[in-house]
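Inspection log for the structure reproduced underneath, given as structure tokens.
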Amino acid sequence: MSAADGPEPPSDAQFLDAFVAWAQVVVPDTEPTSESLSSGAAPWAMLSLLDSDVFDGDDTSLVRLVDETYRYFVDTLGIEPGISVPDAVAARSSRHELASVLRLVTAAIVKSEANEALIGAVHALPVEHQVVLMQVIEQVLAAMDAHQRESHAVAASAEIESLRKEQKRLNGIVSEYQEQLTAAELHVEQLRTEIKELSSAATLLRTVEQERDSMRDQLDEWRYIVEKSGRQEDELSKIKRRAEDAGDLRRQIRTLEQKNASLEREVELRNSSRAADEQDSTAATQRSTRMLERQCAELEQSVAHEKEENIRLTQELERVSAEHAESKRHTDQLLERIHMLEIGGGHSHAKQETSADGEEPERAPNPSLESATTLAHESRESHQLTITPEESLASLAALQAEITALRNNARSREHEAQSLLTQYAKRYAKKQAPKELRAVLDLLGEASQRDELVFRRLHTCWKQAHDLANTAAEKQSACQPSAALQAAQRERDALRHEQRLMASAFHLLSERLYRETGWAHTKERSGNFGVVGSGSEAFGEGRDSVEGEDKPAGTWLAQQRSAFTDALFSRK
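What follows is the structure in structure tokens.
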């Protein structure tokens, strides 16, 4: 500040006098004087009023005073003092150096927040000292402000330089960020494309998920249906096993019924021709011939009735089954005739062998022959039946021809049925082939084996009868009428006994079938399935017609047969 701008700054002597007066007011105990300021006791006491923690102790030298004041500025006030103090400060310093130290102390008092008492003491001083102190305070503050401005300028220039460097660095970073932004925009565009693709894929996946849910629901429904089908299969297996057991019983009953019917007809015919047989052997032979003719007529009628019934069948399988049943009936009739011839010829031959050679053992007959022989010995009669060996040989030759024809016919029908069933089975897939076809094939195989055994037995019986007839013709042609009469009587008694046995067995089997098979339950199951067709009904009607039974539809046996047929041929 120049002299033209304002009053001149106070001198060091004026400042020292004003400071001594100020110290005398603030710290009168120290008894400050102009000469005692150089010891630093008065300024130290004044600073201790600001902060006793920093300015404490007995050492009050100017060097320590300067150091502590600088530390107080930096540590407590947090500013730079901006007042230069000579480096070499001694106890006997000059007035200028002492004034510099006191200016530093004054600046610390002014800048301190706890300076109210000290500043208030300035107002108690004389006016000239107040003016001097106020000018010194203004100088000190101006110097501090200038120093702060310079320090701020230096700091600002350094900060500007650092900001320029930082701007340059940030420009580089911005360039990098712009490149990254360009790459990010490209990546965003790719991501948008991918998002569109993923959105379309998500739409497809939602559709697939809906289809999966619907298919899962369908799977649950089908799983329940499969479980229900499994339970129904188990029930069907149980019903099938029961039906197979019942089928065996039915076949036995049917066989017994056929035998009973044939025996009844045989007995009736024999009873009607008994009187004529007692009068004349020739008439008996003719009546026997007429009886055979009537049997043939009945068989032809049954065959015609079977053909009429088979017209209603819609499938070739039932027709073949009906023809097979017809062949089986022919076989049973021939078997009865063979039994008749075997009984008559066997006993006559045994009698001749026994009369000729008593040591030769008799043939081992079957149970029916033994029972017939026992009854024949118990009921011998005096009438005789005359049958010549030539007639027996002729009858046996005709019987052999008929057996051969029936055998060939049965084989041809069996092959035809098997080929037809094979063709039906090939129409279905391997896993969807009806089980009934395989079951019918098995039944046809078993029936063919059984018929083969019957034909072999018939052929064996024919050979035995033929040998017996030849032997009887060679040895005792004259005794033949008596042997034929005995054979006829034995045959009559055996037939009566067998009729009674068959009636009893039929009754027992009927009761067993009624007890062991729940026909009403089986009928209900077959009705629930709802798969019984006209083929199975026609098959049942064909079987009944082949068997030659004229029973009403309301009888118990007819109802059981109908229920069994429905249960056997109805499969879901």
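Start counting the sequence shown at 1; every next residue gets the next number (full-length UniProt numbering). Here a beta-carbon is modelled for each residue, glycine too, at the ideal position from N, C-alpha and C.
When C-alpha distances from Pro10 are compared across Ile119, Leu47, Val131, Val26, the shortest belongs to Val131. Per DSSP, reduced to three states, the secondary structure at Val27 is coil, with no helix or strand assignment. Gln167 and Phe19 have their C-alpha atoms some 52 Å from each other.
Around the Cβ of Arg407, a 10 Å sphere holds 16 or more other Cβ atoms; the residue is buried. Counting every other CB atom within 10 Å of its CB across the protein chains shown gives Gln258 a total of 16 or more, marking it as buried. Secondary structure of Asp51 (DSSP, three-state): coil. Beta-carbon to beta-carbon, Val140 and Ala184 are separated by about 59 Å, too far to satisfy the 8 Å threshold. If the five residues before and after Val105 are omitted, its C-beta is found closer than 8 Å to the C-beta atoms of Pro43, Met46, Leu47, Leu65, Thr69, all from its own chain and listed in chain order.
The distance from the Cβ of Leu16 to that of Leu118 is about 17 Å, inconsistent with a contact at the 8 Å cut-off. Distance from the CA atom of Asp51 to the CA atom of Ala114, rounded to whole angstroms, is 8 Å.
For Tyr70, the uninterrupted alpha helix (DSSP H) run begins and ends at 62-71, by DSSP. It is roughly 14 Å from the alpha-carbon of His129 to the alpha-carbon of Val26. In the displayed model, Asp56 falls within coil according to three-state DSSP, outside both helix and strand. Under the three-state reduction of DSSP output, Leu125 falls in the coil class, being neither helix nor strand.
Following the DSSP letters along the chain, one finds Thr106 inside the alpha helix (DSSP H) bounded by residues 95-111. Of the candidates Val54, Leu102, Leu62, Ser38, the residue whose Cα lies closest to the Cα of Tyr72 is Val54.
Distance from the CA of His324 to the CA of Met215, rounded to the nearest whole angstrom, comes to 50 Å. If you draw a straight line from the Cα of Ser162 to the Cα of Ile137, it comes to about 36 Å. The C-alpha of Ser229 lies about 32 Å from the C-alpha of Val320.
Inclusion of Gln333 and Leu299 in the CB contact set at 8 Å is warranted, their separation being smaller than that value.
A direct Cα-to-Cα measurement between Ala398 and Gly247 gives close to 35 Å.
Take the alpha-carbon of Thr182 and the one of Ile173: they are about 14 Å apart. The C-alpha of Leu256 is placed about 28 Å away from the C-alpha of Ser237. With respect to the 8 Å criterion, Ser412 and Glu336 are not classified as neighbours on the basis of their beta carbons. Between the alpha carbons of Lys111 and Asp12 lies a distance of about 22 Å. Contact check for Trp22 against Leu133 passes: the beta carbons are separated by less than 8 Å. Beta-carbon to beta-carbon, Glu326 and Val303 are separated by about 6 Å, close enough to satisfy the 8 Å threshold.
Beta-carbon to beta-carbon, Arg294 and Ser273 are separated by about 11 Å, too far to satisfy the 8 Å threshold.
Sixteen is the threshold: since fewer than 16 other Cβ atoms of the shown chains lie within 10 Å of the Cβ of Ala124, the residue is exposed. Rounded to the nearest whole angstrom, the CA to CA distance from Val127 to Ser94 is 27 Å. Within 10 angstroms of the beta-carbon of Glu266 lie 16 or more other beta-carbons, which makes it buried. As the crow flies, the alpha-carbon of Val188 is around 22 Å from that of Thr203.
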